[in-house]
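Just below is one structure, and these are the notes that go with it.
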Amino acid sequence: MTQQQRLNVVLDLVSERGSVSIAEVSEALGVSTATVRRDLNTLADQRLVTRTHGGAAALGSGYELPLQYKIARQADAKVAIAKAVAELIHPGESVGLNGGTTTSEVARMLGRSAQLHSVGDAPGVTIVTNALNIAYEMSVREHIKIVVTGGVPRRQSYELIGPLVAASLRDFSIDTAVLGVDGLSADFGATTLHEGEAEASREIAAVSRRVVIAADSTKLGRSTFARICPLASIDVLVTDQPVAPDLAAELAAAGVDVIVAAAAR
């Protein structure tokens with residue numbers, strides 16, 4: 000196991016339990032206590048956990064991990080969701096993507112899709128995004144036209160935020176917005192942790208004819224700090240597990256189609 004993999008496991012343990020001891024981490028990872036101490040010190044130096052006597056604790060329930068520490072989480076589910084989302088996109092369409100690990104997977108699926116390869120001079124698909132990592136990764140795909148919004152980047156997510164996002168989207172008409180979220184609930188709809196990212200996602204949705212939420216099952220039934228949009232503004236939810244009955248009923252009442260993507264076995 001690499002150090003990066005160990006750090007991801009430690010962060011998951013801290014997130015689940017609120018705090019961990021060196022002995023607990025050592026047992027979970029099968030490594031020495033000296034290695035655990037070094038890993039905890041690394042995370043504390045990066046302000047991802049608080050170092051305590053004999054272990055580490057979470058900084059707080061609303062703290063957002065940088066994107067690179069989220070990549071391994073729910074990986075199979077996100078790939079399955081991305082495949083299902085890509086099947087909703089037709090050749091020649093424009094797709095708005097916000098930032099995040101799930102939408103990054105969606106971009107990769109669009110990049111690999113044989114049905115979206117360009118015919119003649121027209122692009123196979125146009126991606127409009129405020130996520131710098133998506134724009135960078137997709138820029139080498141010849142069949143994809145990339146349009147990047149204006150804005151100021153956030154280090155945690157590589158997303159551009161601020162009034163320049165809306166200004167650059169004002170004259171666009173996007174076929175489908177695909178939005179990653181941190182929470183989806185009946186009371187608050189689609190939510191995320193940062194108000195600037197929520198505003199940017201709202202702006203993408205506002206110029207799109209169809210809004211698709213791509214969210215794994217860990218995001219469902221919970222709400223986070225900043226609202227993106229209510230359920231009534233969502234056309235499709237793509238997730239990886241059957242939705243709980245109460246939320247499923249609210250989604251149906253709001254006219255949201257639910258697609259459950261099957262992970263590869």
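Residue numbers in the sequence shown follow numbering that gives the first Met the number 0, run continuously in steps of one, and reach 264 at the last position. Yeah, the Cβ is synthetic: ideal placement off N, Cα and C, and Gly gets one too.
**OP:** Confirm, please, whether the CB-CB distance from Gly188 to Arg226 is below 8 angstroms.
**Re:** By one-based count along the sequence shown, residue 226 stands at place 227. By one-based count along the sequence shown, residue 188 stands at place 189. In this structure, Gly188 lies closer than 8 angstroms to Arg226 by Cβ.
Original post:
What's the C-alpha gap between Val257 and Asp239?
Top reply: Reading the sequence shown from its first residue, position 258 is the one you call residue 257. Reading the sequence shown from its first residue, position 240 is the one you call residue 239. Roughly 10 angstroms between the two C-alpha positions.
Subject >> For Ala199 and Gly150, believed in contact at Cβ under 8 angstroms, the rounded distance >> reply: Position 151 of the sequence shown, counted from the first residue, corresponds to residue 150. Position 200 of the sequence shown, counted from the first residue, corresponds to residue 199. Right, the Cβ-Cβ distance comes to about 7 angstroms (below 8 angstroms), so this counts as a contact.
Subject >> Outcome for His52 when other beta-carbon atoms lying within 10 angstroms are tallied against a minimum of 16 >> reply: The residue you call residue 52 lines up with position 53 of the sequence shown. The residue is exposed, with fewer than 16 neighbouring Cβ atoms inside 10 Å.
Original post:
Exposed or buried, what is Met108 when buried is set at 16 or more other beta-carbons lying within 10 Å of its beta-carbon?
Top reply: Within the sequence shown, residue 108 is the residue found at index 109, counting from 1. So Met108 ends up on the buried side.
**OP:** Report back the beta-carbon spacing between Glu202 and Val164 to the nearest angstrom; my notes put them in contact at under 8 angstroms.
**Re:** Start at 1 with the first residue of the sequence shown, and residue 202 comes out as number 203. Start at 1 with the first residue of the sequence shown, and residue 164 comes out as number 165. About 5 angstroms separates the two Cβ atoms, so the contact holds.
**OP:** Rounded to whole angstroms, what's the CA-CA distance from Tyr62 to Leu178? Just pull it up for me.
**Re:** Here residue 62 corresponds to residue number 63 of the sequence shown, with the count starting at 1. Here residue 178 corresponds to residue number 179 of the sequence shown, with the count starting at 1. Only weak support is given to the placement of Tyr62: the predicted model assigns it a pLDDT of 49, under 50, and the value that follows is read from those uncertain coordinates. Looking at the two C-alpha atoms, the distance is approximately 21 angstroms.
Original post:
So the alpha helix (DSSP H) Lys77 belongs to, where does it begin and stop?
Top reply: Your numbering for residue 77 matches position 78 in the sequence shown. Per DSSP, Lys77 belongs to the alpha helix (DSSP H) from 74–85.
Original post:
Leaving out the 5 sequence neighbours to the left and right, which residues in its chain are closer than 7 angstroms to Ser138 when beta-carbon positions are compared?
Top reply: Within the sequence shown, the letter at position 139 stands for residue 138. Excluding sequence neighbours, Ser138 sits near Ile145.
Original post:
What are the boundary residues of the beta strand (DSSP E) that Ala248 is part of?
Top reply: For the purposes of this step, residue 248 is identified with residue 249 of the sequence shown, where counting begins at 1. Looking at the DSSP string, Ala248 is not in any beta strand (DSSP E); the run it does join, the alpha helix (DSSP H), is 244–252.
Original post:
CB-CB under 7 angstroms to Leu115, same chain, minus the five flanking residues each way: which ones, in chain order?
Top reply: For the purposes of this step, residue 115 is taken as the residue at position 116 of the sequence shown. Cβ neighbours of Leu115 beyond the five flanking positions: Ile88, Pro90, Leu109, Gly123, Val124, His142.
Original post:
Is the beta carbon of Leu265 sitting closer than 8 angstroms to the one on Leu12?
Top reply: There is simply no residue 265 to check, as the chain begins at 0 and stops at 264 in what is shown.
**OP:** Mind listing, in chain order, the continuous beta strand (DSSP E) runs of no fewer than 3 residues lying wholly within the stretch 174–220?
**Re:** 182–184, 188–191, 207–213
Original post:
What is the DSSP secondary structure of Tyr62, counted as helix, strand or coil?
Top reply: Within the sequence shown, the letter at position 63 stands for residue 62. For Tyr62, the pLDDT reaches just 49, beneath the cut-off of 50, and the residue's location in the model is therefore unreliable, although a value from the coordinates is still provided. The answer is coil: DSSP assigns Tyr62 none of H, G, I, E or B.
**OP:** Please state if the CB of Val210 and the CB of Val237 are separated by a distance shorter than 8 angstroms.
**Re:** As a first step, residue 237 must be located in the sequence shown, where it is residue number 238. As a first step, residue 210 must be located in the sequence shown, where it is residue number 211. No, Cβ-Cβ distance for Val237 and Val210 is not below 8 angstroms.
**OP:** Have a look at Leu219, Thr175, Arg5 and flag the residue whose alpha-carbon is nearest the alpha-carbon of Thr190.
**Re:** One-based indexing of the sequence shown puts residue 190 at position 191. Selected option, being the one with the closest Cα: Leu219.
Original post:
If we count the other Cβ atoms within 10 Å of its Cβ and call it buried at 16 or more, is Thr1 buried or exposed?
Top reply: For the purposes of this step, residue 1 is taken as residue 2 along the sequence shown, with counting starting at 1. Under this definition Thr1 is an exposed residue.
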